[in-house]
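The structure appears right after this line, and notes come after that.
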Amino acid sequence: KQEVTQIPAALSVPEGENLVLNCSFTDSAIYNLQWFRQDPGKGLTSLLLIQSSQREQTSGRLNASLDKSSGRSTLYIAASQPGDSATYLCAFMNRDDKIIFGKGTRLHILP
Amino acid sequence: ETGVTQSPTHLIKTRGQQVTLRCSSQSGHNTVSWYQQALGQGPQFIFQYYREEENGRGNFPPRFSGLQFPNYSSELNVNALELDDSALYLCASSEPGLYNEQFFGPGTRLTVL
């Protein structure tokens, strides 16, 4: 069964800290991996997409890495801000074009 | 560029009723996927439509059905609603030539009483 695990399930950190969110997946034959942000009761906002041939992607204060051999991805957030508070979801697309999501990490940045 | 839109925003139904949810894909995208997200869970893949044909289905019963129209907008139909169908229903559009990056709509919150 294809699964995505996100650790930790919840995280609270003071404003200004750098932090890392972890994602592990069971299928090394992924097509791509995507990180999303979700505010309470809202839809998903795409943050970064990493193709299977890539190792990392960067956008502003965000950096996502991909290690297919170990089945891991990390999302690094630099200089966290209260506006970063949200749930962060990791998902991979398999070779059958199905997307498998983790349950997310609820992030709370303390002012 | 127009993003993904969904209607209605919220919906309340009773057990046994039928519901239709609608999604307009992002301009230029020919693929639409539907997801069910229960409270505190990640989205679960329901099915995907590509150029008006179903192109993959998750572990959902046949009472979950869909359509895609020539303009690539889509409908999700759920018959014989059950209490456990209460969830946020998300639609995402993508373009296979653009690495299949998924762009999501705001979702429809369905409550079944």
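Line order of the protein sequences matches chains A and B.
Under our numbering, the first sequence has 92 at position 92, and the numbering climbs by one with no breaks.
Numbering-wise, our numbering comes out as the position in the second sequence, counting from 1, plus 1000.
Glycine is no exception: its CB is placed at the ideal position from the N, C-alpha and C atoms.
On a predicted model such as this, the values are computed, not experimentally measured, just so you know.
Cβ-Cβ distance between residue i and residue j below 9 Å
i, j, result
"T1020 of chain B", "P1106 of chain B", "no"
"Q6 of chain A", "G104 of chain A", "yes"
"Y1050 of chain B", "P1008 of chain B", "no"
"N1079 of chain B", "G1066 of chain B", "no"
"N1059 of chain B", "T1031 of chain B", "no"
"Q1188 of chain B", "L1088 of chain B", "Given that chain B is displayed from residue 1001 to residue 1113, the structure contains no residue 1188 of chain B and the question cannot be resolved."
"S1086 of chain B", "T1108 of chain B", "no"
"S46 of chain A", "E56 of chain A", "no"
"T1014 of chain B", "L1090 of chain B", "no"
"R1022 of chain B", "S1094 of chain B", "no"
From the options, residue whose alpha carbon lies closest to that of residue i
i, options, result
"S59 of chain A", "A:L11, A:A78 and A:S70", "A:A78"
"H108 of chain A", "A:S69, A:S80, A:M93 and A:N94", "A:S80"
"E1075 of chain B", "B:G1016, B:Y1035 and B:Q1017", "B:Y1035"
"Q1041 of chain B", "A:F92, A:V4, A:G83 and A:R95", "A:V4"
"R1057 of chain B", "A:Y76, A:F92 and A:K98", "A:K98"
Coarse secondary structure for residue i, derived from DSSP in three states
i, result
"L1039 of chain B", "coil"
"D96 of chain A", "coil"
"L1083 of chain B", "helix"
"G83 of chain A", "helix"
"G41 of chain A", "coil"
"G1097 of chain B", "helix"
"S1073 of chain B", "coil"
"F36 of chain A", "strand"
"S70 of chain A", "coil"
"N1055 of chain B", "strand"
Cβ-Cβ separation, residue j to residue i (assumed contact under 8 Å), whole Å
i, j, result
"L110 of chain A", "S12 of chain A", "6 Å"
"T87 of chain A", "Q38 of chain A", "5 Å"
"D27 of chain A", "Q54 of chain A", "So it is not a contact: roughly 17 Å between Cβ atoms."
Paired residues, beta bridge with residue i - DSSP
i, result
"P14 of chain A", "A:L110"
"T58 of chain A", "A:N63"
"K1013 of chain B", "B:V1112"
"Q1006 of chain B", "B:C1023"
"F101 of chain A", "A:A91"
Any non-hydrogen atom of the ligand COA closer than 8 Å to residue i Cβ
i, result
"E1101 of chain B", "The model on display carries no ligand, and the ligand COA is accordingly not part of it."
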